[in-house]
Amino acid sequence: MRIRLMRWRTLRRISLFFAFLLILINPFLNYYLNFNFIQGWYQSLGIGDLWVVSPLEGLESILLSKSIYAPLVVGMLLPVVLASLLGRVFCSWICPISFLSETLDVIKRPFSKTRFFKDHLVFPKWLLWFALIGDILLALIAGAPFFVFLSPPGLVGREIMMAVFLHTLAIEGVLVIIVLLLHFFVTRRFFCRYMCPLGGLLALIGSRRRLLVHQNRENCKKCGLCKRACPIGLSPADGETTLPYCWNCGECVDACPTKVLGFRWTKGLLPGFRQS
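FYI, the numbering for the sequence shown is 259 to 534, going by my numbering.
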């Protein structure tokens with residue numbers, strides 16, 4: 259029964275592990291074996307002749323250059339389609355920051371006296387939109403794509419690359435440590451909830467996503483376990499899985515004792531999307 263309850267967490271952690279393994283071993287393959295079929299990290303990842311580009315970095319490049327570069331648009335297409343169909347699944351199933359946060363959770367779990375970790379500092383969810391708007395405005399004012407250089411998810415891959423190729427680390431890598439400390443000691447996924455402009459853009463793109471966690475309201479016991487399990491502090495029992503912030507991690511589905519929550523593929527507008 260426990261295996262059944264943990265199925266989505268297990269699948270997600272496997273996905274996060276292999277996604278992290280890709281950017282971990284790839285620099286060694288590039289540097290020592292001259293294997294260059296795969297290059298880069300999740301800001302800009304090259305697979306053969308195909309380049310997959312982060313939508314935020316691509317958008318910043320287009321706005322700053324005031325021109326549309328066709329290969330860049332093609333590179334943005336895959337993550338945009340993925341987000342429009344599945345929502346913020348990059349954040350929960352692929353992002354290296356999520357992998358490192360989950361690893362910290364595993365380390366912290368034996369020392370925790372409760373089943374779920376507590377959030378000590380909670381802000382309004384809409385701060386995520388300010389992070390997105392602020393990043394774009396800052397890039398336009400300064401004339402430089404700040405998130406390209408200071409993105410914690412991107413910094414993980416860049417630091418690994420620098421360590422392998424240049425045998426050194428950049429001072430910007432401290433941002434990754436700060437993000438993980440906030441998660442470990444203050445609030446679960448603090449950066450992901452409130453400060454990540456890429457997460458904000460993916461949430462915006464996925465606001466009409468087709469995959470969402472559906473709730474059978476009639477059988478819900480309002481026990482609150484789903485809310486306590488949600489890494490980003492949403493309340494599935496109140497319909498918040500239909501909000502753009504939800505990143506379809508499946509933690510609430512696993513935690514629900516009555517099994518009234520489950521993933522469902524929808525058509526048209528999301529039911530309950532306007533709920534707050």
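The C-beta atom is built at its ideal place from N, Cα and C for all residues, glycine as well. From a predicted model like this one, the values you see are computed outputs, not experimental measurements.
Asked: From this set, Leu-343, Ser-312 and Val-347, which residue's C-alpha is nearest Leu-330's C-alpha?; Found: Ser-312
Asked: Applying the criterion that 16 or more other CB atoms from any shown protein chain within 10 Å of the CB defines a buried residue, is Leu-269 buried or exposed?; Found: exposed
Asked: Between Cys-510 and Thr-499, is the Cβ-Cβ spacing less than 8 Å?; Found: yes
Asked: Report the three-state DSSP secondary structure of Arg-522 (helix, strand or coil).; Found: strand
Asked: Quick one: residues in its chain with C-beta nearer than 8 Å to the C-beta of Ile-463, no 5 flanking neighbours on either side, listed in chain order?; Found: Pro-313, Val-338, Ala-341 and Ser-342
Asked: Does the Cβ of Leu-438 lie closer than 7 Å to at least one heavy atom of the ligand MN?; Found: Annotation note on the ligand MN: not contained in the displayed structure, which lists no ligands.
Asked: Judging by CA-CA distance, which residue of Arg-267, Ile-352, Trp-505 and Tyr-300 is the nearest neighbour of Gly-333?; Found: Tyr-300
Asked: Identify the residues that DSSP records as bridge partners of Ile-305: which are they?; Found: Ile-296 and Leu-308
Asked: To the nearest angstrom, how far is the alpha carbon of Gly-497 from that of Trp-384?; Found: 16 Å
Asked: Would you list the residues sitting across from Leu-469 in a DSSP beta bridge?; Found: Trp-523
Asked: Using CA atoms only, rank isn't needed, just tell me which of Ile-305, Lys-479, Ile-352 and Ala-487 is closest to Gly-412.; Found: Ile-352
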